[in-house]
Amino acid sequence: MKKRTDIPFSSDSSKFFIPWLSMFMVFIATLILAIAIVVYSSVQSWTSNISGTLTVQIPTYTDKGESREEQINKDIEMTLTLLRSSDGITGATLLSDSQMATLMEPWLGQSDTINELPLPKIIDVNADPNNFPNIRRLKADLFDQVPEAILDSHRAALSDLVAFFENMVHLIAFILLLILITTALSVIYVTKSSMSVHQKVIELIHMMGASDFYITIQFAMRSFKLTLIGSLIGFLLAIPIMVLFDYFLRQMSSSFVLESTLNPAQWLILISIPFLTAVLSFLTAYRTVSKTLKQTL
Amino acid sequence: MVTNKLSTPIAEFNGVSFKYPTGPEVLKDIQLSLQPGSFYFMTGESGAGKTSLLSLLYLNNMPTKGRIRLFGYALDTLTREAKAQIRRQIGVVFQDYRLLDHLNAFDNVALPLRISGTREQDIKKHVRELLAWVGLEKQLDKYPHELSGGEKQRVAIARAVINRPRLLLADEPTGNVDDAMAKRLIYLFLELNKLGTTTVIATHNHNLIKHFGFPRLHLSHGHIEAVEKNNSTNKG
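In the order they appear, the protein sequences are chains Z and E.
Add 8 to the 1-based position in the first sequence for my numbering, that's all there is to it.
Add 292 to the 1-based position in the second sequence for my numbering, that's all there is to it.
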């Protein structure tokens, strides 16, 4: 049985405009939010993986190819002492030859040739992520005591990339905000035009004693339903695109830096978009009608 | 919130004037008091202010000067919700019926009950009874465009009285029906009046006025000029 409404909504254009608008907005919002989630997760993953690690290299040969065998042990000792006494450093360990061999295995294979190569000595340094050492000062101190030592901060190396992706997430958040504002403004416009179309009916039921709530809730529910229908369609249309995107990320996973798979919580965030959009539409229509009615007697 | 004291006038106008935003004053310094259970015909030339006076009574407009009290409450002091409650106690029959085209006769008549939150099973019972009373028991499912002028008028009247209003206002309710049907409709209003509904009917139909002989509020140039056969109203 067809549901009766006091206000003849079927005769106005909102039944087309709101579903199309919300479908388009939710389609875009879902895709860019999925991208934002992937980027954000990847950035989080990198920063947590590298946040506490530094390395110091001590060359075993000079620039001219002369062995530093006599100096090397002294340099290592001085470097370890300096690192262990520095603020924010929780540990410093010299990598053994076998550990070095393991690290180089992907490139050199299992062979003893590693011992013949002029590889630097590597000190693995653990830093406190919450009290990260001042890299510039540490480098200066190291240079004073062991001029040949080279300090590598993974965080510093990746900081530009992280900053880039963080800015990207901010940009996406801004675009999402624009989508929300555009949706809300469109709902306001459509609701006002719908009120204008049905002005005589509204006046009549108002005159019969209908409270503001009685009238307002009809507009708000109408807006909610139309937005939900359009939003769900928009969300469903976005799924194949996300699956395709995920497929391409997996194909590139060995060389690409982004993490492709969304976890259940992240899917939940995406699934909530159509419902949140419908709630936004409900609240916007409710407020618009309520505010307009208050201007009448 | 609504008082049931019989002594309280249903409506009181104290020095009420009214003008539309662009136009001259259509009602001037009206003094009026409608007693509970009274029945009035409102007469006057076209443009005398009958529709404007009725619109003040059903709270569609507010006076530009003076004060109106309905059911004992000064309208200018009421909240929006309180005004809505007052409106639910007023039935109005419009000259142009103002039926909702997308609703059938049943739903048009049921509208005031739905607004006041009546249970659906009670609505069914009351609406069917009332539509049968006005001779439209076979037109329940008909939409306004499928009804004749007289049938629309009866639907409009049924809608106005379905809530058993305390005040019934009708603007030319017999304008599109023959004399026999006009009398039948007035008898219907009388039935309600006997139950305590104060009734004001704006009409040009002198036969009806003569036939029923109820007191008359006569408007001319924005003033109530004459009140006949009843002392409950004051000359304005």
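Ideal Cβ placement from N, Cα and C applies to all residues, glycine included.
Classification of residue i by the beta-carbon crowding that lies within 10 angstroms, buried from 16 upward
i	result
TYR255/Z	exposed
SER263/Z	Unreliable positioning characterises SER263/Z in this predicted model, as indicated by a pLDDT of 47, which lies under 50. A coordinate reading is not provided.
THR190/Z	exposed
LEU186/Z	exposed
TYR294/Z	buried
GLY238/Z	buried
SER18/Z	exposed
GLN445/E	buried
ALA424/E	exposed
LYS486/E	exposed
ARG144/Z	exposed
THR285/Z	buried
THR491/E	buried
SER30/Z	buried
LEU116/Z	exposed
ARG411/E	exposed
ASP463/E	buried
ILE302/E	buried
ASN455/E	buried
LEU276/Z	exposed
ARG230/Z	buried
SER22/Z	buried
THR101/Z	exposed
GLN107/Z	exposed
ASN400/E	buried
PRO282/Z	buried
MET293/E	In this prediction, MET293/E has a pLDDT of 42, which is less than 50 and means its spatial position is unreliable; nothing more can be read from the coordinates.
Counterpart residues of residue i in DSSP-defined beta bridges
i	result
ASP368/Z	Here chain Z comprises residues numbered 9 to 305, so residue 368/Z is not present and cannot be evaluated.
SER30/Z	SER30/Z pairs with nothing; no bridge assigned.
LYS129/Z	ILE66/Z
MET334/E	ALA494/E, LEU509/E
VAL46/Z	According to DSSP, VAL46/Z bridges with nothing at all.
VAL384/E	LEU461/E
THR101/Z	ASP132/Z
HIS515/E	SER512/E
ARG359/E	ASN306/E
ILE322/E	VAL308/E
GLU317/E	LYS311/E
TYR365/E	LEU362/E
Listed by chain order, chain E residues near residue i by CB distance under 9 Å
i	result
SER219/Z	ARG372, GLU373, ALA376, GLN377, ILE407
Listed by chain order, chain Z residues near residue i by CB distance under 8 Å
i	result
TYR350/E	MET215
LEU392/E	ASP14, PRO16, VAL209, LEU212
PRO404/E	MET216, GLY217
ARG380/E	MET216, GLY217
Under 9 Å by beta carbon: chain Z residues contacting residue i
i	result
VAL453/E	Those within 9 Å of VAL453/E in chain Z number zero; the least Cβ separation is about 12 Å.
VAL384/E	MET215, MET216
CB contact below 7 Å: residue i versus chain C
i	result
SER161/Z	Note that chain C does not occur in the displayed structure, where the protein chains are Z and E.
Subject >> Contact residues within the region 222–236 of chain Z, judged by C-beta distance below 8 Å to chain E >> reply: Residues passing the 8 Å Cβ filter: TYR222.
Original post:
Does the region 494–511 of chain E come within contact of the region 319–337 of chain E, defined as at least 3 CB pairs closer than 8 Å?
Top reply: Yes, since at least three Cβ pairs between the region 494–511 of chain E and the region 319–337 of chain E fall closer than 8 Å, the two stretches touch.
Original post:
For the 8 Å Cβ check, are there 3 or more pairs between the region 34–51 of chain Z and the region 174–186 of chain Z?
Top reply: Yes: at least three Cβ pairs fall under 8 Å.
Original post:
Is it true that the region 429–439 of chain E meets the region 384–401 of chain E, where meeting means three or more beta-carbon pairs spaced less than 8 Å apart?
Top reply: Touching, yes, given that three or more Cβ pairs across the two stretches are closer than 8 Å.
**OP:** Determine contact between the region 204–220 of chain Z and the region 77–93 of chain Z, defined as no fewer than three beta-carbon pairs at a distance below 8 Å.
**Re:** As far as the Cβ criterion goes, the region 204–220 of chain Z does not touch the region 77–93 of chain Z, which means the pair count is below three.
Original post:
Taking contact to mean at least 3 C-beta pairs separated by less than 8 Å, is the region 239–248 of chain Z in contact with the region 202–209 of chain Z?
Top reply: Not touching, per the Cβ criterion.
Original post:
Does the region 83–96 of chain Z come close enough to the region 135–152 of chain Z to have 3 or more Cβ pairs within less than 8 Å?
Top reply: Yes: at least three Cβ pairs fall under 8 Å.
Original post:
Can at least three beta-carbon pairs, one atom from the region 339–353 of chain E and one from the region 506–517 of chain E, be found at a separation below 8 Å?
Top reply: A contact exists between the region 339–353 of chain E and the region 506–517 of chain E.
Original post:
Within the chosen definition, does the region 463–472 of chain E reach the region 305–312 of chain E through at least 3 CB pairs nearer than 8 Å?
Top reply: Touching, no.
**OP:** For the region 378–391 of chain E and the region 437–452 of chain E, state whether three or more C-beta atom pairs, one from each stretch, are separated by less than 8 Å.
**Re:** Yes, the region 378–391 of chain E is in contact with the region 437–452 of chain E.
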